Structure formats: structure tokens, C-alpha cells
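Chemist: The working numbering puts the first residue of the sequence shown at -16, with every later residue one more than the last.
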Amino acid sequence: MTTREALRQEGEAIRARLFGQDASAPERGDSAPGFRQLMSEAVYGGIWGRAGLALPDRMICTLAALVAVQRLPQLRRYVAAALNIGLEPRTIQEILVQVGIYAGFSASEEAIEVAGAVFAERGISVPPEAARDDSLGTLSGRGRELLQELHGDRGTQGYASPDNPVTGALYPVAIQYGYGEIWFRPGLDRRQRVLCAVAGFTALRLESQVKKFGQSALNVGLSRAEVIEAVIQTAPFSGFAPALNALAVLSDALR
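#1: Mind checking residue 119: buried by the 16 CB within 10 Å criterion, or exposed?
#2: Have a look at 5, 223 and 109 and flag the residue whose alpha-carbon is nearest the alpha-carbon of residue 76.
#3: Tell me which same chain residues have a C-beta within less than 7 Å of the C-beta of residue 200, skipping the five on either side of it?
#4: Quick one: residues in its chain with C-beta nearer than 7 Å to the C-beta of residue 162, no 5 flanking neighbours on either side, listed in chain order?
#5: Assign residue 169 to one of two classes, buried (16 or more other C-beta atoms within 10 Å of its C-beta) or exposed (fewer than that).
#6: Measure the C-alpha to C-alpha separation of residue 3 and residue 36 and round it to an integer number of angstroms.
#7: Considering Cα atoms alone, identify which of 143, 56, 155 and 52 is closest to residue 184.
#8: Please state whether the Cβ-Cβ distance between residue 219 and residue 26 is less than 7 Å.
#9: Using only alpha-carbon positions, find the residue among 166, 224, 64 and 44 that is nearest to residue 123.
#10: Taking its Cβ as the centre, do 16 or more other Cβ atoms sit within 10 Å of residue 82, making it buried, or is it exposed?
#11: Considering residue 199, what are the terminal residues of the alpha helix (DSSP H) in which it resides?
#12: Considering only residues of the same chain and omitting the five flanking positions on each side of residue 85, which have a CB-CB separation below 8 Å?
#13: Under three-state DSSP, which class holds residue -3?
#14: Does DSSP put residue 164 in a helix, a strand or coil?
#15: Determine the contact status of residue 89 and residue 79, defining contact as a CB-CB distance below 7 Å.
#16: Could you have a look at residue 119 and say whether DSSP puts it in helix, strand or coil?
#17: Any chance you could list the alpha helix (DSSP H) runs of at least 4 consecutive residues sitting entirely within the segment 83 to 110, in chain order?
#18: Looking at the unbroken alpha helix (DSSP H) that takes in residue 227, where does it start and where does it end?
#19: Taking only three categories from DSSP, how would you classify residue 79?
#20: Give the straight-line distance between the Cα atoms of residue 293 and residue 55, rounded to the nearest whole angstrom.
#21: Since residue 104 and residue 202 are thought to touch, with beta carbons under 8 Å apart, how far apart are those beta carbons, to the nearest angstrom?
#22: Would you kindly work out how many angstroms separate the C-alpha atoms of residue 121 and residue 148, rounded to a whole number?
#23: Helix, strand or coil: which one does DSSP assign to residue 13?
#24: Please classify residue 40 as buried or exposed, where buried requires at least 16 other C-beta atoms within 10 Å of its C-beta.
#25: Round the Cβ separation of residue 175 and residue 43 to the nearest angstrom and send it over; I've been treating them as touching at under 8 Å.
#26: Going by C-alpha distance, which of 71, 96, 194 and 28 is nearest residue -10?
Printed below as a string of C-alpha cells:
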């Protein structure tokens, strides 16, 4: 059986891997007696150290959750950690853009500014890309194809129903720019984008969407265990209760 001391040691090792030379520097909560040890055990050893999801994937889920709930000082710290473990700057940016579909693009704007400050400190520049000028018809067609590929019949239920005249005032735009544009931007593959979706929806406490994308994750190569771990990874950043509620929904959906 794993001991608290073993978790603490593993947690400190993971801290060092994530934060490098800054791992031993005092953190915001360290003035509370025992808080650093608690974080090392429960967060870094107990969550980051779990089997079932690779470290870069855990970082994707962490960044997605932090953007969703707008923990910007922590986001800055974890953007730096993401660079330390090898995530590309464009990949980091795309995580921040992806979550804008769910939390609002104002959240993406704030997050991109934070990431840009970290990149500037490290002398990193992200090359521009040519303007994306596919027609709206192309975006709609591509978005609907992806919607079907990911969700199947579930992609036309609830607010996604094509016969709903109320949600139909907005959902076509979500198909065009959510599915047809953002999911096809370079920097993140489809599997990584589903991880962003699962983590972002968990952080936002949108359980029906967690269920939908949790099931769809299996269609892009994620395993049941990886979906569960993606939800668990959000717990230290957006709350254990939302993560547990999401897992309760998935316990039926992933049987």
C-alpha cells in the first residue's frame, strides 16, 4: 500500500519535472502550515502521479480547466510548466483557443495574453499562419461531417436538434466555427481536442456535455481509462466536486 511519505516524495519529483529550478521556490499557499506537503501528496503525487494518462495529456487537461475557470496566475505558472515538459507553444495556444468554444472567447483572450507573456519571457515567438478563408458553406459541411464522426446520432439530439427553432438560431454558428473551423486548426490533433473538451466541460460543471464528449472520446482513440483520468486531472484546479459529478455521469455512459 502506498504511504503518504511515498506520495509526498513522488509529488516533489513531479514538481521538479514540471517547474524545474522553480520547484523549490515558495508558492502562494506555503505560508499555511502543512499546505505544501498537502499539495505534494494529494495533487502532485496523488493526481499527477496516477497511471492511465500521459504527462503531456494531463497538462492539456490542466490548462483547459484553468482557462475554463479563469485561474490566470496559476495558468501562467502551468504554461511555463507545459513548455518545460515539451509542449509546443502553438499546442498551448490551441488549448486556450479550444476552450473558448465552451467558456467564451473572452476567456481565450485573457488566457492567450497570459501565455504570450510567458513566451516573451523565454524569447519564444509563434510564427503567423496564412489567413484561413474557407467559405461558410465549407465550414458548415466540414463541421457537420465531424459532428457525425464524433457523436453519431447523439450529434442531433437536445440543443443540437436541427428541428429546434430556438437553439437553431445559434447552433449553426457553433457547427461552422466550433466544429468546422477550430477543430481543424493546426497545433492539436483530434484526440487532444477531445481531452480539452472533456476537461473544459468538467471544469464548467456541464455534465451533459461531459457525457456526450466522454462517449465520443472513444471514437477518436481514447480509452475508457484515459477519459476517466482526464476528468480526475481537473479536480485540483476546478474542484473535486465537479470532477466527481462528471465521473458519476460517465459511470453510466462508459459502461
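Ideal placement from N, C-alpha and C gives every residue a C-beta, glycine not left out.
Because the structure is a prediction, the values reported are computed rather than measured.
Modeler: The relevant details are as follows:
#1: With fewer than 16 Cβ atoms within 10 Å of its Cβ, residue 119 is classed as exposed.
#2: Nearest to residue 76 by C-alpha distance, out of 5, 223 and 109, is 109.
#3: Beyond the five residues adjoining it in sequence on each side, residue 200 comes within less than 7 Å, by CB distance, of 177, 181 and 210 in the same chain, given in chain order.
#4: Cβ within range, chain order: 126, 129 and 130.
#5: Classification for residue 169: exposed.
#6: So the alpha carbons of these two residues sit roughly 21 Å apart.
#7: Nearest Cα to residue 184 within the set 143, 56, 155 and 52: 52.
#8: Going by C-beta atoms, residue 219 is nearer than 7 Å to residue 26.
#9: Minimum Cα-Cα distance from residue 123 among the listed residues 166, 224, 64 and 44 corresponds to 166.
#10: In summary, residue 82 is buried, with 16 or more beta-carbon neighbours lying within 10 Å of its beta-carbon over all protein chains present.
#11: DSSP places residue 199 in the uninterrupted alpha helix (DSSP H) bounded by 190 to 200.
#12: Within the same chain, and ignoring the five residues on either side of residue 85 in sequence, the residues whose Cβ sits closer than 8 Å to its Cβ are 51, 180, 183, 184, 187, 189 and 192.
#13: For residue -3, the secondary structure class from DSSP, reduced to helix, strand or coil, is helix.
#14: DSSP places residue 164 in the coil class of the three-state scheme, outside both helix and strand.
#15: Their beta carbons are not under 7 Å apart, which means residue 89 does not touch residue 79 by this criterion.
#16: Residue state, collapsed to three classes: helix.
#17: The segment 83 to 110 contains these whole alpha helix (DSSP H) runs: 88 to 104.
#18: Run containing residue 227: 223 to 236, per the alpha helix (DSSP H) assignment.
#19: The answer is helix: DSSP assigns residue 79 an H, G or I state.
#20: The chain is shown only over -16 to 238; residue 293 falls outside these bounds and no answer can be derived.
#21: Rounded to whole angstroms, the Cβ separation of residue 104 and residue 202 is 39 Å, and the two are not in contact under 8 Å.
#22: The straight-line gap from Cα to Cα measures roughly 23 Å.
#23: Secondary structure at residue 13: coil, using DSSP grouped into helix, strand and coil.
#24: With a threshold of 16 other beta carbon atoms within 10 Å, residue 40 meets it and is buried.
#25: That belief holds up - the Cβ atoms of residue 175 and residue 43 are roughly 6 Å apart, short of 8 Å.
#26: Comparing Cα positions, the closest option is 28.
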